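J.: If you count the sequence shown from 1, you need to add 1094 to reach our numbering. Even for Gly, the Cβ is constructed at its ideal location relative to N, Cα and C. Please read these numbers as outputs of a predicted model, since none were measured by experiment.
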Amino acid sequence: MRFDSVGWYDNGYADICDDEHKYPCPDIIVLGTTQLARRYHNNETINLNKYIRNYLKKTGISFESKFTKYAYYDYNVNNNWLAVPLAIDFRIFKFNSTTFDHCINNRYDLKYPPPRSNSWERNYKETWTWEKVLEYSKIITECTGYPGLKLLNNYYEDMNFLINFCQSLNIPFFTEDSDLNIKKCGLRKPEYIKKLSILKELVGNHYVEKWFNETDIENWMNSPYPDSFKDLKKITYNDTTILDDSFINGLYYANLYSFTQADEIKYSYYPGSSSLLGSGLVITKKSKYPDELFEFFEILIDEKYPVYSGINPSVTPIDNIYGNECMNINVDKKENCNSLLGNDGIFPYYYINNNTTEIVYLKHISIESDRGISIDHYNISNSLNSELFSNIQNFNFKCDNHLSFEYKTIIINSKFKIEIPINSKEKLILKSMSDVEKGNIEHDNELKCEIYSHTFKTAKPISFPYNNFMEIKNLEIQSPTTLFFAHLYYNYYRTYKKKRQHLKI
1095 MRFDSVGWYD NGYADICDDE HKYPCPDIIV LGTTQLARRY HNNETINLNK YIRNYLKKTG
1155 ISFESKFTKY AYYDYNVNNN WLAVPLAIDF RIFKFNSTTF DHCINNRYDL KYPPPRSNSW
1215 ERNYKETWTW EKVLEYSKII TECTGYPGLK LLNNYYEDMN FLINFCQSLN IPFFTEDSDL
1275 NIKKCGLRKP EYIKKLSILK ELVGNHYVEK WFNETDIENW MNSPYPDSFK DLKKITYNDT
1335 TILDDSFING LYYANLYSFT QADEIKYSYY PGSSSLLGSG LVITKKSKYP DELFEFFEIL
1395 IDEKYPVYSG INPSVTPIDN IYGNECMNIN VDKKENCNSL LGNDGIFPYY YINNNTTEIV
1455 YLKHISIESD RGISIDHYNI SNSLNSELFS NIQNFNFKCD NHLSFEYKTI IINSKFKIEI
1515 PINSKEKLIL KSMSDVEKGN IEHDNELKCE IYSHTFKTAK PISFPYNNFM EIKNLEIQSP
1575 TTLFFAHLYY NYYRTYKKKR QHLKI
């Protein structure tokens, strides 16, 4: 078997399998989820429906059931399965703790993003928002003299960022015209434009690092404003900074495969919902061995082989199989929970409520063959001035791999933290006082994997709520998003506002 590495662009766009044999003709291509539809619509790859039906007959297991819930959106076009999911990627947030410490010590109003600071409380989803990211980016810029936010510098990444930003603010980036069977821009409503003003301030005030090719910018700004959409200039990325994350000043919008390893670079929760991307394996139309190739795919997705764990750092496309960075941590939450609660007795736990550290005493008990906790009314009433536990007083909760208020099960969150459901929708994270005694409040790898899991659960494909469609790739190629950000960064819309009104679209 021969492997050729040609890069993501050629994977998606290079000519293949021509009749004159001028171009290479691979049997398998690894394509990003936004590239799948284009190759398929160009009649260069096959759909896998026949093989997926045969897989069910042979194994008794539906192909779809093996993969995560959003695989259908990313790998299926018009009820045609185009690829076997291979890798998962989603956007994450990092920050430079040294910068935060410096600015905090200089009396700037900052605190570590959640969950690194306990002061965010239980409602951090309502407070750790893009508005707060804007505020922090501005503060860090003023404190350090350098932009406070950095975006992952990679081709088309600004489009992914904009789509994800809109999803987080409940703005539909795409809408569908069912009569014409086309997708359209969903940003035109006044209330959506108002929400997007965050970007105007963030980019226009240079609180974010620029990523544009300066030569393209100079040519664009020195050219007459175009008379039609087709004449809009294409602005590319600065090739010298592609995937360069050697300098992170403040906050960093990154992906799972960014390579920063410095101790001061910490992970945090994502503001809003992250975007879900990935890659899959396709079979080309002119391959002579499609049957054998799908048999090879069947070996890859067999859970007894470590292929998916080796490729993926966090989670994998296959449910309940974790990536190489989180395998040991997520092997068995129930077992780890049983270990944490292994000693009988009454033990103190703490959490943050209204910027105040609260202490609660929980009794460690045995429940059948597992361990658990008893939330006793006497211990609660003497420990808290809170109604948080009103629904769960005098109940026992058992360790499990899944959190459930109905079944009274708890899970371990990290080495010294447990999650308790306080009703059918809310949970509370309690931290054992043992981590204070042992000086182990932060366990970076465990916390990182907790953040991975938390981010993945709320991530959405960039085409959501629609299935994959090839126009996404056209947007990437034409790069109108980069042009949009260039207008904001250089305040170009002010100079050419009148001319822009006459632009023929």
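At what residue ranges does the region 1317-1390 contain a whole run of the beta strand (DSSP E), taking only runs of 3 or more?
T.: Correct list: 1345-1349, 1359-1362, 1369-1377.
J.: As a quick exercise: from 1150, 1196, 1392, 1131, pick the residue whose alpha carbon is nearest that of residue 1169.
T.: Nearest C-alpha to residue 1169: 1131.
J.: Which runs of the alpha helix (DSSP H) fall wholly inside the region 1196-1245 and span at least 4 residues, in chain order?
T.: As far as the region 1196-1245 is concerned, its whole alpha helix (DSSP H) runs of at least 4 residues are 1218-1221, 1224-1238.
J.: With a 10 Å radius around its C-beta and 16 neighbouring C-beta atoms as the bar for buried, classify residue 1248 as buried or exposed.
T.: Buried is the call here.
J.: Using three-state DSSP, classify residue 1526 as helix, strand or coil.
T.: Looking at residue 1526 - three-state DSSP - the assignment turns out to be strand.
J.: Ordered along the chain, which non-local residues of its own chain (more than five positions away) have a Cβ less than 8 Å from that of residue 1569?
T.: Closer than 8 Å at the Cβ level, and outside the excluded window around residue 1569, lie 1253, 1575.
J.: Where does residue 1279 sit, in a helix, a strand or coil, going by DSSP?
T.: In this structure, residue 1279 counts as strand in the three-state DSSP scheme.
J.: Does residue 1420 come out as helix, strand or coil in the three-state DSSP assignment?
T.: Residue 1420 falls in the coil class under three-state DSSP.
J.: For a quick check, are the C-beta atoms of residue 1129 and residue 1101 less than 8 Å apart?
T.: Contact flag unset, no.
J.: Measuring straight from C-alpha to C-alpha, what distance separates residue 1478 and residue 1464?
T.: Residue confidence is low: residue 1478 scores 49 on pLDDT, short of 50, so the model does not pin down where it sits. Its coordinate-derived value is still stated next. C-alpha separation (whole angstroms): 28 Å.
J.: Between residue 1445 and the rest of its own chain, which residues show a CB-CB distance below 7 Å, the 5 nearest in sequence each way excluded?
T.: Closer than 7 Å at the Cβ level, and outside the excluded window around residue 1445, lie 1452, 1522, 1523, 1524, 1525.
J.: Skipping 5 residues on each side, what residues in its chain have a beta carbon closer than 8 Å to that of residue 1297?
T.: So the list reads 1579, 1582, 1583, once near-sequence residues are dropped.
J.: With DSSP as the reference, label residue 1171 as helix, strand or coil.
T.: Strand at residue 1171.
J.: Buried or exposed: which applies to residue 1150, given that a residue is buried once 16 or more other Cβ atoms fall within 10 Å of its Cβ?
T.: Residue 1150 comes out exposed.
J.: Return the bridge partner residues of residue 1181 from the DSSP annotation.
T.: In the DSSP output, where bridge partners are listed per residue, residue 1181 has 1373.
J.: So, is residue 1185 buried or exposed, given that buried needs 16 or more other C-beta atoms within 10 angstroms?
T.: Result: buried.
J.: In the DSSP assignment, the alpha helix (DSSP H) including residue 1407 goes from what residue to what residue?
T.: Counting along the chain, residue 1407 falls outside any alpha helix (DSSP H), and DSSP gives it neither H nor E.
J.: Which of the three DSSP states is assigned to residue 1293 in this structure?
T.: Three-state DSSP puts residue 1293 in a helix.
J.: For a quick check, are the C-beta atoms of residue 1414 and residue 1404 less than 8 Å apart?
T.: Not in contact: residue 1414 and residue 1404 (Cβ atoms no closer than 8 Å).
J.: Return the chain-ordered list of same chain residues with a C-beta closer than 7 Å to the C-beta of residue 1506, the five sequence neighbours on each side being excluded.
T.: Cβ neighbours of residue 1506 beyond the five flanking positions: 1427, 1430, 1431, 1434, 1512.
J.: Could you check whether residue 1289 and residue 1263 sit closer than 8 Å to each other, using their CB atoms as the reference points?
T.: Cβ atoms of residue 1263 and residue 1289: closer than 8 Å.
J.: With distances taken from CA atoms, which of 1125, 1227, 1546, 1236 is nearest residue 1408?
T.: The option with the nearest alpha carbon to residue 1408 is 1546.
J.: I need the DSSP call for residue 1493, collapsed to helix, strand or coil.
T.: Of the three classes helix, strand and coil, the one that applies to residue 1493 here is strand, per DSSP.
J.: What's the call for residue 1112, buried or exposed, on a 16-neighbour Cβ count within 10 Å?
T.: The residue is exposed, with fewer than 16 neighbouring Cβ atoms inside 10 Å.
J.: To the nearest angstrom, report how far apart residue 1195 and residue 1541 are at their CA atoms.
T.: Whole-angstrom Cα-Cα distance: 20 Å.
J.: For residue 1538, count neighbouring Cβ atoms within 10 angstroms of its own Cβ and tell me buried if that reaches 16, exposed if not.
T.: Exposed, because fewer than 16 other Cβ atoms sit within 10 Å of the Cβ of residue 1538.
J.: On the DSSP letters alone, give me the boundaries of the beta strand (DSSP E) that residue 1271 sits inside.
T.: Unbroken beta strand (DSSP E) run through residue 1271: 1268-1271.
J.: Taking the beta carbon of residue 1406 as the centre, do at least 16 other beta carbons fall within 10 Å, making it buried, or is it exposed?
T.: Residue 1406 is buried by the Cβ-count criterion.
J.: The beta strand (DSSP E) that contains residue 1447, what's its start and end?
T.: Element bounds for residue 1447: 1439-1447.
J.: To which residues of the same chain is residue 1317 closer than 7 Å at the C-beta, ignoring the five residues directly before and after it?
T.: Excluding positions up to five away in sequence, the list reads 1327.
J.: Helix, strand or coil: which one does DSSP assign to residue 1584?
T.: In the structure shown, residue 1584 sits in coil (DSSP, three-state: anything other than H, G, I, E or B).
J.: Quick check: what's the CA-CA separation for residue 1133 versus residue 1333?
T.: Cα to Cα, residue 1133 sits roughly 26 Å from residue 1333.
J.: Can you look up residue 1506 in the DSSP assignment and give me helix, strand or coil?
T.: DSSP places residue 1506 in strand when its eight states are reduced to three.
J.: Find the nearest neighbour of residue 1218 within the set 1257, 1242, 1362, judged by alpha-carbon distance.
T.: Of 1257, 1242, 1362, the residue nearest in Cα terms is 1362.
J.: Around the C-beta of residue 1157, are 16 or more other C-beta atoms found within 10 angstroms, so that it is buried, or is it exposed?
T.: So residue 1157 counts as buried.
J.: Just the C-alpha distance for residue 1548 and residue 1381, rounded to the nearest angstrom, thanks.
T.: Going from the Cα of residue 1548 to the Cα of residue 1381 covers about 40 Å.
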